[in-house]
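Undergrad: The listed protein sequences correspond, in order, to chains A and B. If you read the first sequence in my numbering, its first letter stands for residue 29, the second for the next number, and so on. If you read the second sequence in my numbering, its first letter stands for residue 39, the second for the next number, and so on. Cβ coordinates follow ideal geometry from the N, Cα and C atoms, glycine included. Dropping a structure here in C-alpha cells format, bear with me for questions.
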Amino acid sequence: MSTAAPAEVQAAAEDQDSLLSIVRARWVAIRSGDVGSLPVIVGIIAISLFYSSKTDIFFSAVNFQNLIGQMAGVTAIAVGVVFVLLIGEIDLSIGFVSGVASVAVAEFQMTGSSHDYPGLIAIAFTLLLGAAIGLAQGSIIALIGVPSFVVTLAGLLIAQGAILQLLGTQGVIGIEDTQINDVANYVLSPTTGWIVAGVFTAGLAAATIGTYVSRRRAGLRTGNFVLAIARVVFFGGLAFAAVHVCNGAQPRPGVPLVGLIILFMVVLGSYVAGRTTFGRHVYSVGGNAEAARRSGINVRLIRIFVFMISGATAAMGGIIFASRLNSVQLTAGGGTILLDAISAAVIGGVSLFGGRGRVSGALFGGLIIGMISNGNDLLGYSDAVKYITTGAILLAAVTLDTVARRRQAATGR
Amino acid sequence: MSETPTPILELRGVTKRFGSVQALNEVDFEVRNGEVMALVGDNGAGKSTLIKSVAGIHPIDEGQIFFDGKPVKIAGPKEAAKLGIEVVYQDLALCDNLDVVQNMFLGRELHDPFFRLREAPMEQRTAETLKSLSVTTIRSVRQPVATLSGGQRQSVAVARAVLWNNRVVFLDEPTAALGVAQTRQVLDLVKRLSEQGLAVVIVSHNLVDVFEVADRITVLRLGRNVGVYDKDQTNQQEIVEAITFGAPAAEPSGAAA
C-alpha cells in the first residue's frame with residue numbers, strides 16, 4: 029500500500045483545488061452527513077419567500093431595520109450558547125441571567141440613587157456581573173463535577189428569584205440614560221453605515237488574502253483562489269446590500285447600532301473559536317475531553333472560561349432587551365428567550381453533542397428565529413403559531429444534527 | 039547500533055501498590071535506542087501499571103527510574119513528556135472532530151504572541167512527519183480524524199509521538215482493534231520508528247505481531263519480571279510458557295543479549 033501511492037496522491041492533490049472537484053468533494057461531504065450551512069441558507073430563503081408572499085411589509089426597508097432590533101438580543105445570547113454547546117455542555121440559566129443583567133443595568137444607571145453611573149460604566153459592570161455569574165456556575169461544573177444541566181437549572185431559578193426580589197417593590201425601573209438606550213435604538217448615519225460595510229469587506233479580504241499568501245509561501249494547498257474571492261465578494265456584497273436597505277428606511281434611515289454590535293460579537297467569537305489556541309482547545313474538549321486532558325490541555329479552565337463567556341453574552345443580551353424597552357419589568361429574561369437562544373445556535377448548525385459548529389451559526393439561527401417571530405407578528409398570527417413553527421424548526425434542526433452525526437459515524441472508513 | 043551499553047530508559051526494582059494489591063513487585067525493565075522492546079503478559083500482569091508509572095499517571099512507590107543513565111523522578115504526565123516519553127494509549131487519544139493537523143499539535147499548537155494559531159507551519163510539519171514515516175494512505179491532512187480508518191488513526195497517534203522528537207514511545211496494544219492490512223500498516227510504522235533511532239516499547243497480546251517487530255521481549259507475570267528474551271533465541275512456545283507459568287528452571291538470558 030505504501031509503494032504505488034505517491035504519484036497518484038500527487039495528481040489527486042493538484043486538481044483537488046479545481047472548481048469541479050471542490051463541488052464534487054462538497055457533494056460527497058453532504059452525503060456523508062456534513063451538510064454545512066446548506067439547510068440554513070435554504071431555510072432563510074424559504075422563510076423569506078413565504079412571508080413575502082403573504083405581506084409586502086415583510087420585505088420592506090423599515091421592517092428589515094426592525095428585524096435587526098428584534099433578533100439582536102437573542103443572537104447576542106446565542107453567541108455564548110455556541111461556545112457552551114461546543115464543549116458539549118448546556119447553559120439553561122442564560123434567559124434569566126439576561127434578565128438579571130437587564131435589572132442590573134437599569135439599577136446601575138438609576139438617577140437619584142447612590143449608584144448613578146454613566147451608561148457605559150453601567151454596561152461594563154453589567155457585563156462583568158454576567159461573567160461573574162458564569163464563573164460561579166462554571167466553577168461548580170468544572171471543579172466539582174456537577175452536571176451543567178443541573179447547575180444552570182438551579183442558576184435559572186436563582187436568577188429568576190433575584191429578579192423578583194430586586195424589582196419586587198416597584199415592579200419596573202425606567203432607563204433614562206441615553207448611552208444605554210442608544211444600544212438598541214441608535215441608528216448610524218448613512219455614511220457611517222457605508223464605512224462600516226467597507227471596513228468589514230476590507231477586513232474579510234485581508235484575512236482571506238493573508239491566509240492565501242501564508243499558505244502559498246509555505247508551499248501548501250491554497251484552495252481555489254477564485255472561490256475565495258467569490259466568498260469575499262458575496263459576504264461583502266451582503267454587507268453593502270444591508271447598509272443600502274437600512275439607509276433607505278423611513279423615517280429613520282441608517283443601520284441600527286445594535287446590528288453592528290451583534291456583527292462585532294459574531295466576528296470576534298468566530299475569530300476566537302477558529303483562529304486562537306483557546307478556540308482550538310474548546311473544540312477538543314467537546315470532541316474528546318479525555319484526549320484533551322492527556323494532551324496537557326487544562327480542561328477545567330476551558331470549561332470555566334466558556335461559562336464566563338456564556339454569562340457575559342447573556343448579560344449583553346439583557347442590556348439589549350432593556351435598552352430596547354427603555355426599561356426593565358418583572359418579566360425580564362422570561363418567555364422564550366432561553367429556548368430561542370439555544371434554538372438559534374442549534375438551527376445555525378451547532379451540534380448539541382459538542383465539538384461541531386461555528387459561531388456564525390448564532391447569527392444565521394438568530395436570523396431565522398427573528399424572521400419567524402417578525403413575520404408572524406406582521407401577519408397577526410397568534411403566539412400559538414409562533415411557538416409551533418419555531419418548535420418545528422428546532423426539531424428539524426436537531427433531527428438533522430443527529431442524522432448527520434450518525435451518517436458521519438457510518439461513513440468513517 | 040544494537041549494542042548500546044546504557045539503556046535510554048531503565049527501571050530498577052520498581053514496586054507499585056494499590057492498597058493491598060501489589061501491581062508491580064521489584065520489576066526491572068529496560069529499553070535501548072533503536073530497539074523495539076515487547077512487553078507481554080497475561081491480564082493483570084502489570085503491563086498497564088508499568089506504562090502508567092513511566093507516564094507519570096501512577097508514580098512509583100519504590101525503586102528507581104533512570105533516563106539516559108541518570109536517575110529521574112516522574113511525578114506527572116508533564117514530566118514524562120518533558121523527558122521525551124510518549125505513550126500512545128489503546129483507546130486512542132484523538133479528537134474525532136478535529137483534523138489530522140489539529141490532532142497532531144493538540145495542546146502544543148504553534149502560535150504567535152497573541153495566541154493566534156500558525157496554521158501553515160503546523161500543516162507543513164504534519165505533512166513532513168507523515169511522509170518521513172511513509173504514511174501515504176491519508177489523502178488530506180485537513181480531513182477530520184473521524185473519516186479515517188482504524189489503522190490511519192493509529193498512524194496519526196504514533197506520528198504525533200514522533201513529531202515531538204520523543205526518545206521513548208510506548209504503544210499500548212496498537213493492533214488490538216485492527217484488520218490484517220491495517221495491522222501491517224502499523225507494524226511497518228513501528229519498525230520505522232526504531233529505524234529512526236527511537237526506543238519503542240510495544241505492549242501486545244498478539245505474539246505473532248510481537249515476534250514480527252520486537253528485538254527483545256520482556257515477560258511480566260503477576261507483577262514480576264520473569265525474564266527478558268532475545269527474539270532470535272526464543273520461540274512463541276517459550277514465551278507462552280513464561281506468560282502462563284513463569285520462568286522455567288533455567289534463568290533466561292537477562293542481559294546476555
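Thinking C-alpha only, which one of B:51, B:188, B:199, B:204 is nearest residue 218 of chain B?
TA: Of the listed residues, the one whose Cα sits closest to residue 218 of chain B is B:188.
Undergrad: Going by Cα to Cα distance, which pick from B:78, B:161, B:157 is closest to residue 209 of chain B?
TA: Nearest of B:78, B:161, B:157 to residue 209 of chain B, Cα basis: B:78.
Undergrad: Could you tell me which uninterrupted alpha helix (DSSP H) segments, each at least 4 residues in length, are contained entirely in the stretch 150-197 of chain A, listed from first to last along the chain?
TA: Within the stretch 150-197 of chain A, the complete alpha helix (DSSP H) runs of at least 4 residues are 176-195.
Undergrad: Quick one: which unbroken beta strand (DSSP E) runs of 3-plus residues sit fully inside the stretch 95-144 of chain B? Chain order, please.
TA: Here the runs fully enclosed are 100-105, 108-110, 123-126.
Undergrad: Among residues of its own chain, excluding the 5 on either side of residue 197 of chain B, which ones have a beta-carbon nearer than 6 Å to its beta-carbon?
TA: Closer than 6 Å at the Cβ level, and outside the excluded window around residue 197 of chain B, lie 167, 168, 171.
Undergrad: Which of the three DSSP states, helix, strand or coil, is assigned to residue 18 of chain B?
TA: Residue 18 of chain B is absent from the structure shown; chain B starts at 39 and stops at 295.
Undergrad: From residue 146 of chain B to residue 199 of chain B, what distance separates their C-alpha atoms?
TA: Roughly 12 Å between the two C-alpha positions.
Undergrad: Which of helix, strand or coil does DSSP assign to residue 53 of chain B?
TA: DSSP places residue 53 of chain B in strand when its eight states are reduced to three.
Undergrad: In angstroms with no decimal places, state the Cα-to-Cα distance between residue 217 of chain A and residue 108 of chain A.
TA: One C-alpha to the other measures close to 29 Å.
Undergrad: What does residue 277 of chain B pair with, by DSSP beta-bridge criteria?
TA: Answer is none; residue 277 of chain B lacks a bridge partner.
Undergrad: For residue 82 of chain B and residue 127 of chain B, what's the separation of their Cα atoms in angstroms?
TA: In a straight line, the C-alpha of residue 82 of chain B is about 17 Å away from that of residue 127 of chain B.
Undergrad: Starting from the N-terminal side, write out each stretch of the beta strand (DSSP E) that is 3 residues or longer and does not extend beyond the stretch 323-400 of chain A.
TA: DSSP runs (the beta strand (DSSP E)) wholly in the stretch 323-400 of chain A: 355-357.
Undergrad: Whole beta strand (DSSP E) runs in the stretch 65-89 of chain B with 3 or more residues, listed along the chain?
TA: Entirely contained in the stretch 65-89 of chain B, the beta strand (DSSP E) runs reaching 3 residues are, in chain order, 74-78.
Undergrad: Under the rule that 16 or more other beta-carbon atoms within 10 Å means buried, what is residue 182 of chain B, buried or exposed?
TA: Per the 10 Å Cβ criterion, buried.
Undergrad: Identify the residues that DSSP records as bridge partners of residue 60 of chain B: which are they?
TA: Bridge partners of residue 60 of chain B: B:55.
Undergrad: Per DSSP, which residues does residue 268 of chain B bridge with? Please list them.
TA: Paired residue(s): B:254.
Undergrad: Taking residue 164 of chain B as the reference, which of B:154, B:177, B:124 has the closest Cα?
TA: The option with the nearest alpha carbon to residue 164 of chain B is B:177.
Undergrad: According to DSSP, which residues form a beta bridge with residue 304 of chain A?
TA: Beta-bridge pairing links residue 304 of chain A to B:154.
Undergrad: Got a sec, what are the start and stop residues for the beta strand (DSSP E) residue 200 of chain A sits in?
TA: Unbroken beta strand (DSSP E) run through residue 200 of chain A: 200-202.
Undergrad: Beta-carbon within less than 8 Å of residue 110 of chain A's beta-carbon, same chain only, minus the 5 sequence neighbours each way: which residues are those?
TA: Contacts found: 297, 301, 373, 376, 378, 385, 386, 387, 389, 390.
Undergrad: Are residue 60 of chain B and residue 265 of chain B close, meaning C-beta to C-beta below 8 Å?
TA: No, they are not a contact pair.
Undergrad: Nearest by alpha-carbon distance to residue 92 of chain B: which of B:76, B:117, B:107 is it?
TA: With distances taken between Cα atoms, residue 92 of chain B lies closest to B:117.
Undergrad: Where does residue 240 of chain B fall in DSSP's three states?
TA: Correct three-state label for residue 240 of chain B: strand.
Undergrad: Got a sec? Which residues, its chain only, sit under 8 Å from residue 53 of chain B by beta carbon, not counting five neighbours each side?
TA: These residues qualify, in order along the chain: 60, 62, 63, 64, 65, 98, 99, 100, 101.
Undergrad: Determine whether the Cβ of residue 61 of chain B lies closer than 8 Å to any Cβ atom of chain A.
TA: By this cut-off, residue 61 of chain B is not an interface position.
Undergrad: With distances taken Cα to Cα, identify the nearest neighbour of residue 344 of chain A among A:408, A:417, A:154, A:220.
TA: Of A:408, A:417, A:154, A:220, the residue nearest in Cα terms is A:154.
Undergrad: With a threshold of 16 other CB atoms inside 10 Å of the CB of residue 42 of chain A, please say whether the residue is buried or exposed.
TA: Residue confidence is low: residue 42 of chain A scores 49 on pLDDT, short of 50, so the model does not pin down where it sits. Its coordinate-derived value is still stated next. It is exposed - the Cβ of residue 42 of chain A has fewer than 16 other Cβ atoms within 10 Å.
Undergrad: Would you kindly report the start and end of the unbroken beta strand (DSSP E) that includes residue 209 of chain B?
TA: Counting along the chain, the beta strand (DSSP E) containing residue 209 of chain B begins and ends at 206-210.
Undergrad: Please go through the same chain and pick out, in chain order, the residues whose beta-carbon is closer than 8 Å to the beta-carbon of residue 144 of chain A, but skip the five residues on each side of it.
TA: Result list for residue 144 of chain A: 137, 138, in chain order.
Undergrad: From the beta carbon of residue 306 of chain A, is the nearest beta carbon of chain B less than 8 Å away?
TA: It does; some Cβ of chain B falls within 8 Å.
Undergrad: Can you give me the Cβ contacts of residue 142 of chain A inside the same chain, cut-off strictly under 7 Å, excluding the 5 residues immediately before and after it?
TA: Closer than 7 Å at Cβ, skipping near neighbours: no residue.
Undergrad: Report yes if the C-beta distance between residue 308 of chain A and residue 155 of chain B is below 8 Å; otherwise report no.
TA: Their beta carbons are under 8 Å apart, which means residue 308 of chain A touches residue 155 of chain B by this criterion.
Undergrad: What does the Cβ neighbour count give for residue 282 of chain A, buried or exposed, with the cut at 16 atoms within 10 Å?
TA: Buried: at least 16 other Cβ atoms inside 10 Å.
Undergrad: Which class does residue 143 of chain A belong to by DSSP, given the choice of helix, strand or coil?
TA: Coil at residue 143 of chain A, not helix or strand.
Undergrad: Kindly indicate if chain B contains any beta-carbon less than 8 Å away from that of residue 325 of chain A.
TA: Chain B contact via Cβ: present.
Undergrad: Give me, in chain order, the residues of the same chain whose beta-carbon lies closer than 7 Å to that of residue 310 of chain B; leave out the 5 immediate sequence neighbours on both sides.
TA: As shown, chain B starts at 39 and ends at 295. That puts residue 310 of chain B outside it, with no answer to give.
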